[in-house]
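A.B. asks: Okay, so the sequence shown: first residue is 130 according to our numbering, each after it adds one. From the three backbone atoms N, C-alpha and C, an ideal C-beta is built for every residue, glycine too. The structure follows.
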Amino acid sequence: MARGLTGMLVVEDDEDAGFDQDLPLNIRDFRLGEDGQFIELVKARNAARGGTLGTVSTVNWEVTPIYDLPAGSLVRLRLAVTDVTRIGTYDLDGGTAKVIALDANPLPQPVAPRGIVIAPGQRADVALRVPDGEDEIVSLNLRTAKGPRVLVRFRPIGASAGRTLGELKPLRPNRVPEPDLADPETMDFVFGWSPNGDAPAPGVCGTLGYTFWSINRPPLVRRELGRSASPNFDPLTPLRQAQNCVACNRYGPS
């Protein structure tokens with residue numbers, strides 16, 4: 130996956146919402162050097178904190194692609210973050226748009242496409258009314274410490290279709306069974322910075338070493354391989370079909 134073997138499986142709605150076009154956007158980083166070759170995929174020190182981020186941001190495996198869309202049309206942008214590390218905050222600038230679904234679940238009330246937080250494996254569906262003028266470029270941006278980073282641009286072309294977002298039909302809620310919370314099973318998850326939960330808090334200047342974080346004491350990285358690390362992919366807990374459970378998450382020693 131770190132080398133790009135990721136994609137999207139689009140499941141169509143039972144009822145057509147009225148979009149003119151459906152555009153999947155596979156958002157991910159790659160760790161590439163200046164020569165375009167893969168560099169070290171995981172660094173131990175980074176794995177002990179927020180993860181090893183990529184060096185090149187892409188959408189559908191391209192750097193800052195431009196998509197031509199019919200002016201005045203209604204387009205469903207399916208955002209999927211298939212990166213293995215980055216938790217990003219995204220903004221759609223330009224045009225008229227609204228977020229209509231998160232993680233394939235329709236929202237009761239659409240929200241503005243600003244400050245959309247999407248983590249690895251998560252999705253967001255945005256309804257975009259493409260502007261009428263060819264010079265009115267729409268962009269999807271990632272917020273960074275150095276300012277917005279443009280990931281993809283959308284360019285209106287041709288005569289305006291003259292459509293409005295009000296023409297779209299609301300997405301129907303998914304047919305998902307409701308959990309029975311009368312007597313659920315409780316699962317406890319303890320997040321910490323060390324398997325024993327006793328690592329000292331670093332000072333304002335930080336520490337020279339690093340400690341891998343853990344869930345329920347097993348470290349998320351088993352061992353170091355030079356400067357690299359070997360992730361621990363063991364399941365946190367088994368789950369049964371039709372099981373009713375509540376996950377209790379907390380931080381610190383047990």
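(1) Using a beta-carbon distance below 8 Å, is Q372 in contact with chain B?
(2) Span of the alpha helix (DSSP H) holding R205?
(3) Take V259 as the anchor and find which of G183, D142, T366, G224 has the nearest alpha-carbon.
(4) What residues are listed by DSSP as bridge partners for R278?
(5) Three-state secondary structure (DSSP) at N155?
(6) Between the beta-carbon of L271 and the beta-carbon of R282, is there less than 8 Å?
(7) Name the two residues that bound the continuous alpha helix (DSSP H) containing N175.
(8) DSSP state of G223, grouped into three classes?
(9) Is G295 helix, strand or coil by DSSP?
(10) Would you check if the segment 195-209 and the segment 245-252 touch, i.e. whether three or more CB-CB distances between them fall below 8 Å?
(11) In three-state terms, what does DSSP make of P239?
(12) Report the rounded CA-to-CA distance for L134 versus E141, giving the unit in angstroms.
(13) Rounded to the nearest angstrom, what separates S343 and Q251 at their Cα positions?
(14) Is D309 buried or exposed, if buried means 16 or more other CB atoms sit within 10 Å of its CB?
(15) Helix, strand or coil for E314? Go by DSSP, reduced to three states.
(16) What is the DSSP secondary structure of E265, reduced to helix, strand or coil?
(17) Would you call the segment 185-193 and the segment 153-167 in contact, with 3 or more CB pairs under 8 Å?
(18) By Cβ distance below 8 Å, which residues in the same chain neighbour L365 in space, the five residues on each side in sequence not counted?
(19) Taking its Cβ as the centre, do 16 or more other Cβ atoms sit within 10 Å of Q370, making it buried, or is it exposed?
(20) Which same chain residues, not among the five before or five after L384, have their C-beta less than 6 Å away from its C-beta?
(21) Alpha carbons only, please: which of Q150, V375, P347, N373 is nearest the one belonging to F362?
(22) Got a sec? Which residues, its chain only, sit under 8 Å from I195 by beta carbon, not counting five neighbours each side?
(23) DSSP puts E141 in a beta bridge; with which residues?
(24) Given a cut-off of 8 Å, decide if D197 and I286 are closer than it, judged by their beta-carbon atoms.
(25) Using 8 Å as the threshold, is the C-beta distance between L161 and T181 below it?
(26) Thinking C-beta only, is P313 closer than 8 Å to C374?
C.D. replies: A quick look at the data gives this:
(1) Among the protein chains of the structure shown there is no chain B, as only one such chain exists.
(2) The sequence position of residue 205 within the sequence shown is 76, counting from 1. For R205, no alpha helix (DSSP H) encloses it; the enclosing beta strand (DSSP E) starts and ends at 203-210.
(3) As a working mapping, residue 259 is identified with position 130 in the sequence shown. The candidate whose alpha carbon is nearest that of V259 is G224.
(4) The residue given as residue 278 occupies position 149 in the sequence shown. The partner list for R278 (beta bridge, DSSP) reads L271.
(5) To locate residue 155, count along the sequence shown from 1; it is residue 26. Looking at N155 - three-state DSSP - the assignment turns out to be strand.
(6) As a first step, residue 271 must be located in the sequence shown, where it is residue number 142. As a first step, residue 282 must be located in the sequence shown, where it is residue number 153. Their beta carbons are not under 8 Å apart, which means L271 does not touch R282 by this criterion.
(7) What you label residue 175 is simply residue 46 of the sequence shown in a count that begins at 1. 173-176 is the extent of the alpha helix (DSSP H) around N175.
(8) What you label residue 223 is simply residue 94 of the sequence shown in a count that begins at 1. DSSP places G223 in coil when its eight states are reduced to three.
(9) By 1-based counting over the sequence shown, the position of residue 295 is 166. DSSP places G295 in helix when its eight states are reduced to three.
(10) yes
(11) For this step, residue 239 is matched to residue 110 along the sequence shown. Looking at P239 - three-state DSSP - the assignment turns out to be strand.
(12) Within the sequence shown, the letter at position 5 stands for residue 134. Within the sequence shown, the letter at position 12 stands for residue 141. Approximately 23 Å, taken between the alpha carbons.
(13) Translated into positions along the sequence shown, residue 343 becomes position 214. Translated into positions along the sequence shown, residue 251 becomes position 122. Taking the straight line from one Cα to the other gives about 22 Å.
(14) Here residue 309 refers to the residue found at position 180 when the sequence shown is read from its first residue. Result: exposed.
(15) Taking the first residue of the sequence shown as position 1, residue 314 is located at position 185. In the structure shown, E314 adopts extended strand secondary structure according to DSSP, grouped into three states.
(16) Counting from one through the sequence shown, the residue named residue 265 turns up at place 136. Coil at E265, not helix or strand.
(17) yes
(18) Looking up residue 365 in the sequence shown gives position 236. Hits under 8 Å: F318, I344, N345.
(19) Along the sequence shown, read from residue 1 onward, the residue named residue 370 stands at position 241. Classification of Q370: exposed, given that the 10 Å Cβ count is below 16.
(20) No statement about residue 384 is possible, as the shown extent of the chain runs from 130 to 383 and does not include it.
(21) The residue labelled residue 362 in the question sits at position 233 within the sequence shown. Taking only the C-alpha atoms, the option nearest F362 is P347.
(22) Position 66 of the sequence shown holds residue 195. A distance below 8 Å between beta-carbons, with the five flanking residues on each side excluded, links I195 to the following residues of its chain, in chain order: V281, R282, F283, R284.
(23) Working through the sequence shown from its first residue, we reach residue 141 at position 12. For E141, which the question treats as bridged, DSSP gives no partner whatsoever.
(24) Along the sequence shown, one-based indexing puts residue 286 at 157. Along the sequence shown, one-based indexing puts residue 197 at 68. Yes, these two residues count as a Cβ contact at 8 Å.
(25) In the sequence shown, residue 161 corresponds to position 32, counting from 1. In the sequence shown, residue 181 corresponds to position 52, counting from 1. No. Outside cutoff.
(26) The sequence position of residue 374 within the sequence shown is 245, counting from 1. The sequence position of residue 313 within the sequence shown is 184, counting from 1. Contact flag set, yes.
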